[in-house]
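Below you'll find the structure, written out as structure tokens, and then a few comments.
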Amino acid sequence: MVALLDFEKAFDRVDHIYLLTVLRHYGFPQVFVDMVRVLYSDRRSKILVNGHLSKSVRLHREVLQGDPLSPLLFVIALEPMCQILRQNSNYGIKTGDTVHTSSYFADDSQLYAANEHRLHRQLALVQSFCDVSGFRLNVDDTDSHVRCSLTSIVTNVGYK
208 MVALLDFEKA FDRVDHIYLL TVLRHYGFPQ VFVDMVRVLY SDRRSKILVN GHLSKSVRLH
268 REVLQGDPLS PLLFVIALEP MCQILRQNSN YGIKTGDTVH TSSYFADDSQ LYAANEHRLH
328 RQLALVQSFC DVSGFRLNVD DTDSHVRCSL TSIVTNVGYK
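So the mapping is simple: our numbering equals the position in the sequence shown, first residue as 1, plus 207.
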């Protein structure tokens, strides 16, 4: 089974304090952590409503849209979830000596499980991560999952 995850407003949901905590946890150099902190501290935005600008609002979330660093910061913020899924490899699909639990490309993520029960366990782990990190799954889009056998994937795609 494969679950295609959709994170709601993925880049907009990256909490700045959470991101800095993750950077420190993974041992990024302090100079880099400080650079990210300065880049995202005291960020403000105004909203244009009926031709009038609102008062400035402080932003506590979001990585900058269009900034080449943003996709990398997003992936780093998501890494604790990836690590949790890898540590719970018994929920994944085994091919030979390798267990596949998930794959990622920026904000597109997939979960792999041998059966529906294991897939639900993985989704519960992802939800726990979301509760802590501030990310949010778009349940309507995530709920779509595909059933196919590993043999079918190998036969039709040639992936082993």
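Ideal placement from N, C-alpha and C gives every residue a C-beta, glycine not left out. In this text, all values refer to a predicted model and were calculated from it rather than measured experimentally.
Item                                                                                                                                                            : Value
In whole angstroms, what is the alpha-carbon distance linking V238 and A284?                                                                                    : 18 Å
From the DSSP output, read off the bridge partner residues of T177.                                                                                             : Outside the displayed range of the chain (208 to 367) lies residue 177, so it cannot be described from this structure.
Which residues does DSSP list as the beta-bridge partners of Y319?                                                                                              : V209
Need the endpoints of the alpha helix (DSSP H) that I291 sits in, please.                                                                                       : 277–294
Going by C-alpha distance, which of R244, F214, R220 is nearest L227?                                                                                           : R244
Buried or exposed: where does T308 fall if 16 or more other Cβ atoms within 10 Å of its Cβ makes it buried?                                                     : buried
If we ignore side chains and look at the alpha-carbon of each, how far apart do F235 and P287 end up?                                                           : 14 Å
For the beta strand (DSSP E) containing I300, name the first residue and the last one.                                                                          : 300–302
So, helix, strand or coil for D222, using DSSP?                                                                                                                 : strand
What residue range is occupied by the uninterrupted alpha helix (DSSP H) comprising D241?                                                                       : 237–247
Taking buried to mean at least 16 other C-beta atoms within 10 Å of its own C-beta, is L330 buried or exposed?                                                  : buried
Does Y214 come out as helix, strand or coil in the three-state DSSP assignment?                                                                                 : It should be noted that the sequence gives Phe, not Tyr, for residue 214. In the structure shown, F214 sits in a strand (DSSP, three-state: E or B).
Taking contact to mean 3 or more Cβ pairs, one atom from each stretch, closer than 8 Å, check whether the region 322–340 and the region 271–283 are in contact. : no
Please report how far the alpha carbon of N345 lies from the alpha carbon of N295, in whole angstroms.                                                          : 23 Å
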